[in-house]
Amino acid sequence: NAGVTQTPKFRVLKTGQSMTLLCAQDMNHEYMYWYRQDPGMGLRLIHYSVGEGTTAKGEVPDGYNVSRLKKQNFLLGLESAAPSQTSVYFCASTNSGLYGYTFGSGTRLTVV
Amino acid sequence: ILNVEQSPQSLHVQEGDSTNFTCSFPSSNFYALHWYRWETAKSPEALFVMTLNGDEKKKGRISATLNTKEGYSYLYIKGSQPEDSATYLCASRPRSGGSYIPTFGRGTSLIVHP
Numbered sequence: 001n002a003g004v005t006q007t008p009k010f011r012v013l014k015t016g017q018s019m020t021l022l023c024a025q026d027m028n029h030e031y032m033y034w035y036r037q038d039p040g041m042g043l044r045l046i047h048y049s050v051g052e053g054t055t056a057k058g059e060v061p062d063g064y065n066v067s068r069l070k071k072q073n074f075l076l077g078l079e080s081a082a083p084s085q086t087s088v089y090f091c092a093s094t095n096s097g098l099y100g101y102t103f104g105s106g107t108r109l110t111v112v
Numbered sequence: 001i002l003n004v005e006q007s008p009q010s011l012h013v014q015e016g017d018s019t020n021f022t023c024s025f026p027s028s029n030f031y032a033l034h035w036y037r038w039e040t041a042k043s044p045e046a047l048f049v050m051t052l053n054g055d056e057k058k059k060g061r062i063s064a065t066l067n068t069k070e071g072y073s074y075l076y077i078k079g080s081q082p083e084d085s086a087t088y089l090c091a092s093r094p095r096s097g098g099s100y101i102p103t104f105g106r107g108t109s110l111i112v113h114p
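Taken in sequence, the protein lines are chains A and B.
Residue numbering for the first sequence follows the numbering used here, beginning at 1 and increasing consecutively.
Residue numbering for the second sequence follows the numbering used here, beginning at 1 and increasing consecutively.
Right under this line is the structure:
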């Protein structure tokens, strides 16, 4: 099915471990975003990309890195995981935002 | 209003009740207002995209209105059903800025009791 696919769906990490979350979209969208969702906080923007090869910081970028080497993929990396990064991570994409944003199904990450 | 604000934060209604909630957003630099329905353990799904002042959209028992001059949108659910239970999220997409970054509200959590 067309849309945004996130992998993995669940992950448990130990403090200090690293991992990469993958977001893949097949809608030829230019703009891609990574959000984290925490109770009572709503969706907070971590990093975003306005096209292949470009990335920029969002509201809460510390502790995360991203890459957009291919237009369809947006990777979110945690270099040294901390318990404060326990969250649900959502990826979204759009062409212009006029017709809305398409979200992935989320990755539930627990850092112990 | 600098941020997108939604009220109430949560709402409990009985099956059959009609309900509505509010999304307030900055009226300056406005381009589009989105409503999403977000069920637990799923991803947000788009309900409506609204751009013009006075816009009204309808999808089954759910409808929405938009006032861009005063910066608010209402979402109405007529005859709520238990399957309407979800968080309803709104987002404002600004006119300027090349990144099309939406500002999301924190959502209104609706629980419909049978």
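Quick reminder that beta carbons are idealized off the backbone N, C-alpha and C, glycines included.
Do residue 106 of chain A and residue 6 of chain A have their C-beta atoms closer together than 8 Å? yes
Residue 5 of chain B - DSSP class collapsed to helix/strand/coil: strand
Could you have a look at residue 94 of chain B and say whether DSSP puts it in helix, strand or coil? strand
If the cut is a Cβ gap below 7 Å, which residues of chain E does residue 45 of chain A touch? Given the protein chain composition of this structure (A and B), no chain E is represented.
Nearest to residue 49 of chain A (by Cα), restricted to the options A:93, A:103, A:42: A:93
Between which two residues does the beta strand (DSSP E) harbouring residue 39 of chain B extend? Note, residue 39 of chain B: premise wrong, no beta strand (DSSP E); not H, not E.
For residue 15 of chain A, which option in A:81, A:30, A:97 has the closest C-alpha, if you only look at C-alpha atoms? A:81
Can you check whether the CB of residue 50 of chain B is closer than 8 Å to the CB of residue 33 of chain B? yes
Distance between beta carbons of residue 96 of chain A and residue 100 of chain B, contact taken as under 8 Å: 6 Å
Using a Cβ cut-off of 7 Å, pull out every chain A residue sitting near residue 104 of chain B, in sequence order please. 42, 43
Nearest-angstrom Cα distance between residue 36 of chain B and residue 92 of chain B? 11 Å
Does the beta carbon of residue 20 of chain A come closer than 8 Å to any beta carbon on chain B? no
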